[in-house]
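Before any comments, here is the structure.
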RNA sequence: CGGGGCGUAGCGCAGCCUGGUAGCGCACAUGGUUCGGGACCAUGGUGUCGGAGGUUCAAAUCCUCUCGCCCCGACCA
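Numbering (our numbering), first residue to last: 7 to 577.
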């Protein structure tokens, strides 16, 4: 392909809208352009990279036995109402009405639709297992779209749905998908980490995320993994065995009110009372679907709202507003405590059980209570609601310690069970003539986000460094001066040899200065570049450079294509 | 949804405070000189100053409303 015959609008300056490297590079290198918040045009280079990755995905999905279909983007509301997700997925769902006033949704995922298909067509266990997948546009009205393709409102996703007769079948299907995912991401050039995750609004019993580890600002999630065994989980899901505090042999004392003028935060109170944060108990008041609940957690810990939410079985969990806190506790925010707190259920983190003589708010302005013990108030339930932290002991092997890293989620897998087949009445007849709901799984890969993750993982200050498998073109040929017939001739000759060998080539035939061409080549990131210039031709050589490390090699003109192929294959 | 910021030429920005004929760089067009890591000279074209309303002799500039976009937060007790 000739540069002047395609469309690669590179930018000389950094676009103002981009924050992280991969987003900036996608814009600068002419891969994408934003249409509106969270919605992007994919330009020719992007389109080619998309073909690369979707081919990989198709090959591996097909090899795993999954079957490709395409489902509609537009769904009738009734389907979503039947599974209850019309309400639970709520704000994220793009909704609209048709001309008859019927409610429709733009699909952000397709469990309902695929279940509807199977419900109508499959009747017997003999037809199982089945795994249907598609690669298609998805719509999600994200709270805040950001980082380009990372969190968009329209994006491309591969989604697969497995149907089995029982849990055993589901496990087999699930493991097949996990295997396929490792193969897919390996072919994309990165090692992914499979981590346990919360099932969230998807429902079901068991879920994992596939994370590309990056140590840049682009890392959107924190994951904790064991330095000894294979335990890994995202921060929402991670559990740990807390580090044993020095066993307290303190005798419980009697509680005592203390004056703490304007001391509201843990920092302020610890400084004022000269007590460490682990001797404090925070009391956080939440509204769970509008109903107040108080959560107690040690002063130096972070609460894990996902764990709390799951425990409370509520749809919406939010911190109570100051007015509500005043109404419930009789004191300003910052002085809430469990002692004497009435009319609000209290849940406490299990760590609190082993605390002695701690500090809590007094439910009276400017007052805390010290030397509080468990008998001084009643807890409705002890549960684990704190965030696990790096350094703590692994819950699986009990020996290793958790280390924290950042990653980008590129895939996820869910064991759904009958969450969708039940309400939609998708059932089959088993070998005993009994009617049973399908046992389902669902499996996603964020296609566009995976490409951006690749850029986030593979770039330098000059531009993108594509892994071979995703690069829009395999080779980038640069005749420095198109006005020089000899350079042009050599360049075109090399291109046609490479193409005949079955590889794709972009040839920069622009009438630009060499500097511009080199910089653009570094920017758009093809794996191997061949530069043909006057200096080299005088010695009868061209220059072959690998993008990865910009290592250059001078090669005789007549060996150029052959050697370029070797260099490419060694990558 | 809360807080902050920004909308001026295709892109990046200045001008706004203190109202008075809309500017700079890049890009683009033409000509010339250049030519191995983002050239130079000359000439030229380019604007609903996001939109609506208001104040004023006069509004990019001041006021009100509105739309769009970006960032932070929504794990603080």
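Just so you know, even glycine gets a beta-carbon here, dropped at the ideal spot from N, CA and C.
Residue of the options minimising C-alpha distance to residue i
i, options, result
"residue 352", "450, 364, 380 and 376", "380"
"residue 123", "81, 204 and 439", "81"
"residue 547", "561, 199 and 534", "561"
"residue 131", "172, 93 and 552", "172"
"residue 94", "326, 206 and 418", "206"
"residue 369", "398, 100, 336 and 116", "336"
"residue 200", "194, 224 and 230", "230"
"residue 510", "483, 292, 467 and 492", "483"
"residue 473", "320, 555 and 278", "555"
"residue 477", "542, 385, 572 and 534", "534"
"residue 270", "338, 241 and 259", "338"
"residue 12", "409, 537 and 53", "53"
"residue 341", "350, 521 and 331", "331"
"residue 362", "255, 264 and 313", "255"
"residue 329", "321, 193, 298 and 319", "298"
"residue 226", "241, 237 and 234", "241"
"residue 326", "204, 303 and 295", "295"
"residue 316", "203, 334 and 485", "203"
"residue 179", "383, 135 and 318", "135"
"residue 551", "573, 405 and 371", "573"
"residue 538", "519, 522 and 485", "485"
"residue 188", "526, 487, 500 and 418", "418"
Bridge partners - residue i, DSSP secondary structure assignment
i, result
"residue 138", "73 and 167"
"residue 109", "103"
"residue 558", "551"
"residue 152", "157"
"residue 373", "265"
"residue 228", "412"
"residue 239", "202 and 230"
"residue 478", "Residue 478 is not bridged to any residue."
"residue 214", "202 and 419"
"residue 446", "169 and 423"
"residue 130", "435"
"residue 388", "354"
"residue 298", "293"
"residue 325", "292"
"residue 145", "160"
"residue 441", "435"
"residue 366", "375"
"residue 6", "Residue 6 cannot be examined here, being either before or after the span of the chain that is shown, 7 to 577."
"residue 407", "399"
"residue 452", "163"
Residue i CB to nearest heavy atom of the ligand ZN below 7 Å
i, result
"residue 130", "Among the components of this structure there are no ligands whatsoever, and the ligand ZN is therefore not found."
Cβ neighbours of residue i in the same chain (closer than 8 Å, five flanking residues each side left out)
i, result
"residue 139", "67, 72, 73, 74, 75, 164, 165, 166, 167 and 449"
"residue 103", "109 and 110"
"residue 272", "283, 286, 288, 305 and 306"
"residue 10", "515 and 516"
"residue 453", "56, 59, 60, 63, 141, 161, 162, 163 and 164"
"residue 246", "230, 394, 395, 398, 399, 400, 401 and 408"
"residue 159", "43, 44, 45, 100, 145, 146, 147, 148 and 151"
Cβ-based neighbour list, residue i, same chain, cut-off 7 Å, excluding 5 preceding and 5 following
i, result
"residue 387", "353"
"residue 492", "543"
Chain-order list of residues whose beta-carbon lies under 6 Å from that of residue i (same chain, five-residue window excluded)
i, result
"residue 39", "47"
"residue 182", "70"
"residue 21", "33"
"residue 532", "477, 479 and 482"
"residue 432", "121, 124, 125 and 444"
"residue 8", "513 and 515"
"residue 50", "12 and 13"
"residue 468", "528"
"residue 343", "289, 366, 367, 368 and 369"
- Query: So, do the stretch 449 to 459 and the stretch 17 to 37 have three or more beta carbon pairs nearer to each other than 8 Å?
  - Reply: Short answer: they touch.
- Segment contact, 8 Å Cβ cut-off, at least three pairs: the stretch 210 to 227 with the stretch 400 to 418: A contact exists between the stretch 210 to 227 and the stretch 400 to 418.
- Query: Taking three-plus beta-carbon pairs below 8 Å as touching, is the stretch 127 to 145 in contact with the stretch 421 to 428?
  - Reply: Touching, no.
- Kindly provide the ranges of any alpha helix (DSSP H) runs that are 4 or more residues long and lie completely inside the stretch 269 to 296, ordered along the chain. Fully contained in the stretch 269 to 296 are the following alpha helix (DSSP H) runs of length 4 or more, in chain order: 272 to 279.
- At least three beta-carbon pairs within less than 8 Å, the stretch 29 to 46 to the stretch 150 to 161: A contact exists between the stretch 29 to 46 and the stretch 150 to 161.
- Count the C-beta pairs between the stretch 285 to 295 and the stretch 352 to 366 that are closer than 8 Å, then say yes if the count reaches three, no if not. Contact annotation: the stretch 285 to 295 touches the stretch 352 to 366, with at least three C-beta pairs closer than 8 Å.
- Contact between the stretch 459 to 479 and the stretch 487 to 506 (3+ Cβ pairs under 8 Å): The stretch 459 to 479, when compared against the stretch 487 to 506, does not touch it at the 8 Å Cβ threshold.
- Task: Evaluate the contact criterion for the stretch 500 to 515 versus the stretch 427 to 447: three or more CB pairs, one atom per stretch, below 8 Å.
- Result: As far as the Cβ criterion goes, the stretch 500 to 515 does not touch the stretch 427 to 447, which means the pair count is below three.
- Inside the stretch 14 to 61 only - beta strand (DSSP E) runs reaching at least 3 residues: The stretch 14 to 61 contains these whole beta strand (DSSP E) runs: 38 to 42 and 45 to 48.
- Item | Complete runs of the alpha helix (DSSP H) confined to the stretch 474 to 550 [at least 4 residues] | Within the stretch 474 to 550, the complete alpha helix (DSSP H) segments of 4 residues or longer fall at 491 to 506, 520 to 530 and 540 to 544, listed in chain order.
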